[in-house]
Structures are given as C-alpha cells and as structure tokens.
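S.K.: Heads up: the sequence lines are chains A and B, in that order. Per this note's numbering, numbering through the first sequence is continuous, rising by one, with the last residue being 99. Per this note's numbering, numbering through the second sequence is continuous, rising by one, with the last residue being 141. Before anything else, here's the structure in question.
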Amino acid sequence: MNEYYLLLLGSVIVASFSQILLKKSALKEYSSVWREYLNPWVIIGYGMMVLSTLLTVFAYRGVDYKNGPVIDSVGFLLVMLWSRLFFGEKITKRKVIGNLLILTGIFIYYL
Amino acid sequence: MHSGQVKKRYWRSYKMEKKRISLKSIIILQLVIVIYTLSGVAAKGAAGYEMFSWQFIFFYGLEMAILGVYAILWQQMIKRFDLSVAYANRSMAILWSLVWAVVFFHERITINNVLGVLIVLAGTVLVNTDE
C-alpha cells in the first residue's frame, strides 16, 4: 500500500467528519431558514467537503480509479461510528450487517 | 367503544416505542439521492466537451447547480433522519447511477454490477428497517 492510498483514506475521513458538522447544525433550532445554512457548522462542513475532493484528486495520482469507490465505502462504517460517538445513535446488529452488505455490494460491483 | 379506545392507546404507544421509518420518508430521501446522482450525469456530460467551451461550461454549471440543490435538501433530510440511517441510504446512488448509465450513456452493464446493486439494496433495506 502506498501513501496515495493513505491520502485517499484521509479524504474519506475528512468527508465523514463533514457529515457530523452538518448533522450538528441540523439538530439546532434556527430563527430563520437562512440561519439553517449560513452558520459555522454548515459552512465549515462544506469547506471540509471541498478539502476532501481536493485530497481525492491528489490521491488518484497514485490510486487506480477502480479502487476509489471501494475505499470510499469505508465512509459508511466511519459515519456509523461517529454517529454513535457524537449523537448516541445506537449501532445495532441490523445496522452492522446492513452496512457490511453495502460494502460487500460495492466491492462486487467494481470487481 | 371502550375497546376501541384501548386499541387506539395501544397503537400510539406502539408507534412511540418502535419509531419505524415510514416508506414515504424513505422515498423522499431516495429522491434527494437521485438528484445527487444527476450531478454525476452532468459531470459526464461536461467530460465530452473541450474545457471552457460553451457546452462544457453549461454542463459543469449544471453539475454545480444540482449539487447546490442537493446540499440544501440533504440538510433537511438529516434533520429528520438519524445520520447513520440517512448516510447508509446514500449507498443507493450506485443503483441510480447504473440506471443513468444505461438510459443516458447506453453503457453496458455486467453481472457483477447487477449483483452488487442487489446486495447494496439488501443492506440498505436492513438499515432502514432497524428499530
């Protein structure tokens, strides 16, 4: 495994964290629709998403395209984990099996 | 009449305990994900033209516009769903992309594509029927 794969993994981690910031914002009450979007959580969240796309582009210099979506799918496990840590969303047996099926399906799709 | 009241109360508590996700809300979430995959269609459209040609600018602009709409709608979705559930539903983008690949670009699909999509679908259904 070369460092480009680590870079791609880093991009996935950044993107998964951006979802946490967006959800943080979604849990709050706002006085207007504008504030639902124009607040630090959402702005930094989408900033991180842009950063993640840049990291992805650099990572693809050393990663075959066909492997991209497979590594990207690690994001499903990460989001499940962060949702438990930050929002107390339970990791049930069903959720684990469901997400493992999703990963397996994506892997087979790009086989 | 009395038994009717009991029944009603039973259903209310049943609903509160189970908190199942309705099919309607899943369909709305999937529509948002369909919009997301259309940004990829616009990107593929842009890829066919020379950079900074009018057609390129049109399709690339379309891609950005679709992503903007998606971002606004996604925020509304995660207000209503657990993040872990909403995000797992995004995996169905693989199905919608496959549909667009056939409809718009007449790409050939493989057995592995179909098999993969079916397994992803099964996984998403499992997550959505979680209690």
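Even for Gly, the Cβ is constructed at its ideal location relative to N, Cα and C.
Would you mind stating whether residue 87/A and residue 98/B have Cβ atoms separated by less than 8 Å?
M.R.: Against a cut-off of 8 Å, the Cβ pair of residue 98/B and residue 87/A comes out as a contact.
S.K.: Alpha carbons only, please: which of 112/B, 124/B and 130/B is nearest the one belonging to residue 90/A?
M.R.: Of the candidates 112/B, 124/B and 130/B, the one whose C-alpha sits nearest the C-alpha of residue 90/A is 130/B.
S.K.: Indicate whether residue 82/A and residue 140/B have their beta-carbon atoms separated by less than 8 Å.
M.R.: In contact: residue 82/A and residue 140/B (Cβ atoms closer than 8 Å).
S.K.: Kindly list the residues whose CB is nearer than 7 Å to the CB of residue 45/B, restricted to its own chain and excluding five residues on each side of it in sequence; keep chain order.
M.R.: Cβ within range, chain order: 76, 79, 80 and 83.
S.K.: With residue -9/A as the anchor, note down where its alpha helix (DSSP H) starts and where it stops.
M.R.: Where residue -9/A is concerned, the enclosing alpha helix (DSSP H) stretches over -9 to 14.
S.K.: Return helix, strand or coil for residue 92/A, following the three-state DSSP convention.
M.R.: In this structure, residue 92/A counts as helix in the three-state DSSP scheme.
S.K.: So residue 7/A and residue 93/B are supposed to be a Cβ contact under 8 Å. How far apart are they, rounded?
M.R.: Yes, residue 7/A and residue 93/B are in contact; Cβ-Cβ is about 6 Å, under 8 Å.
S.K.: What's the C-alpha gap between residue 27/B and residue 91/B?
M.R.: With a pLDDT of 45 at residue 27/B, under the threshold of 50, the modelled position of this residue cannot be trusted; read the value that follows with caution. Rounded to whole angstroms, residue 27/B to residue 91/B spans 16 Å at the Cα level.
S.K.: The alpha helix (DSSP H) with residue 99/A in it runs from where to where?
M.R.: Here residue 99/A belongs to no alpha helix (DSSP H), and DSSP marks it neither H nor E.
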